[in-house]
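Below: one structure, written as structure tokens.
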Amino acid sequence: MIIGIDIGSTTTKAVAIEPNGVMKKIKTKAVDVVTSATGAFGKIIVENDIKMNEIRKIVVTGVGASKIKNNLFGIPTDKIDEFTAIGIGGMFLAKKDNIIIANIGTGTAFIEAQKDKISHLGGTGVGGGTVLGLAKKLLMLSHFNGIMELAEQGNINQVDLLLEDIMDRDISFLHKETTASNFGKMLDSAKNEDIALGLLNLMYQVVGMISVFAAKSKNIDRVLVTGSGSDNAIGKKILAGITAMYGVQFEYPQDAEYTTAIGAALSVR
Numbered sequence: 001m002i003i004g005i006d007i008g009s010t011t012t013k014a015v016a017i018e019p020n021g022v023m024k025k026i027k028t029k030a031v032d033v034v035t036s037a038t039g040a041f042g043k044i045i046v047e048n049d050i051k052m053n054e055i056r057k058i059v060v061t062g063v064g065a066s067k068i069k070n071n072l073f074g075i076p077t078d079k080i081d082e083f084t085a086i087g088i089g090g091m092f093l094a095k096k097d098n099i100i101i102a103n104i105g106t107g108t109a110f111i112e113a114q115k116d117k118i119s120h121l122g123g124t125g126v127g128g129g130t131v132l133g134l135a136k137k138l139l140m141l142s143h144f145n146g147i148m149e150l151a152e153q154g155n156i157n158q159v160d161l162l163l164e165d166i167m168d169r170d171i172s173f174l175h176k177e178t179t180a181s182n183f184g185k186m187l188d189s190a191k192n193e194d195i196a197l198g199l200l201n202l203m204y205q206v207v208g209m210i211s212v213f214a215a216k217s218k219n220i221d222r223v224l225v226t227g228s229g230s231d232n233a234i235g236k237k238i239l240a241g242i243t244a245m246y247g248v249q250f251e252y253p254q255d256a257e258y259t260t261a262i263g264a265a266l267s268v269r
């Protein structure tokens, strides 16, 4: 059995992959790096009744992996580059070996994954951390669930400047409801619900547009969405709007949140 641990800045995820391919997974809130790694390891073995002698190797990745200097609990422990882990995990979940991946975490990374090469295309600091940080100051909220509950009742016309606000017709392939400027209107009548929706719209539109540019530059028409921000109903709706304009499809594989940890575990041959 191989255990992959993705030590993130806000969340740590771990997966255990058995020789027969069965996968177990857990996630915990990140504290300090060592506590996060050992806590995630302890949680996955306790919750799944895994015996220590069943574990052949641990592979750590993510922003905190460099802080793990020695073997964990006497078990051989390796490290793998986070972008390589995303690529391996993404190809496994997509069952394809030529894909673009948008991995949404605290920020967002874009990966081109091919059978013989995994490349980090770049990224953006706009991600879940952006939404949480702004929500803490603007809405006095510190948890994504609370932001989502508000956003479900929001009206984007109260905060975003749309093309229809400045033009009386469609322009090029852009319809009148297209965002001209995120938070460019911000009416005095805007409610917290509207601001919450505006924050999500900002995040997913930035991620969506960079995904389009990345995909088109590689002549690919699909983007795999992974990471903590991959399972978000409002985000999926926003990205569907981008698909309607640009023709790039977004795919959301099962267990996408655990892509990086899965890739770490699968990196062991």
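Per our numbering: the sequence shown = residues 1 to 269. Idealized CB from N, CA, C, for every residue including glycine.
Rounded to the nearest angstrom, the gap between the Cα atoms of N157 and D194 is 8 Å.
For A180, the closest alpha carbon among the candidates S189, K191, T77 and Q205 is that of Q205. Residue range N192 to S217 is occupied by the alpha helix (DSSP H) that includes L200, with no beta strand (DSSP E) assigned at that position. Around the beta-carbon of A256, 16 or more other beta-carbon atoms lie within 10 Å, marking it buried.
Measuring C-alpha to C-alpha distances from V33 to each of L239, T12 and I26 identifies T12 as the nearest.
With contacts defined as CB atoms closer than 7 Å, I262 and V59 fail to qualify as a contacting pair. The count of Cβ pairs closer than 8 Å, one atom from the segment 130 to 141 and one from the segment 89 to 104, stays below three, leaving the stretches out of contact. Apart from the 5 residues on each side of it in sequence, A240 sits with its Cβ closer than 8 Å to the Cβ of F250 in its chain, given in chain order. Shown here, D6 sits in a strand according to DSSP, grouped into three states. Under the DSSP assignment, D165 falls in the alpha helix (DSSP H) whose first and last residues are L163 to I166.
Pairwise C-beta distances place the segment 152 to 171 out of contact with the segment 105 to 115, as fewer than three of them are shorter than 8 Å. Going by DSSP, F173 is part of no alpha helix (DSSP H) at all; its letter is neither H nor E. Of the residues assessed, I7 falls on the buried side of the cut-off, its CB having 16 or more other CB atoms within 10 angstroms. Shown here, F73 sits in coil according to DSSP, grouped into three states, outside any helix or strand.
By the Cβ neighbour-count rule, D160 is buried, with 16 or more other Cβ atoms within 10 Å of its own.
Taken in chain order, the complete beta strand (DSSP E) segments of 3 residues or longer contained in the segment 22 to 90 are 23 to 29, 57 to 61 and 77 to 79. Within the DSSP bridge table, the entry for I100 names E112 and V223 as partners. Contact between V268 and Y246 is ruled out by a C-beta separation of about 38 Å, above the 8 Å threshold.
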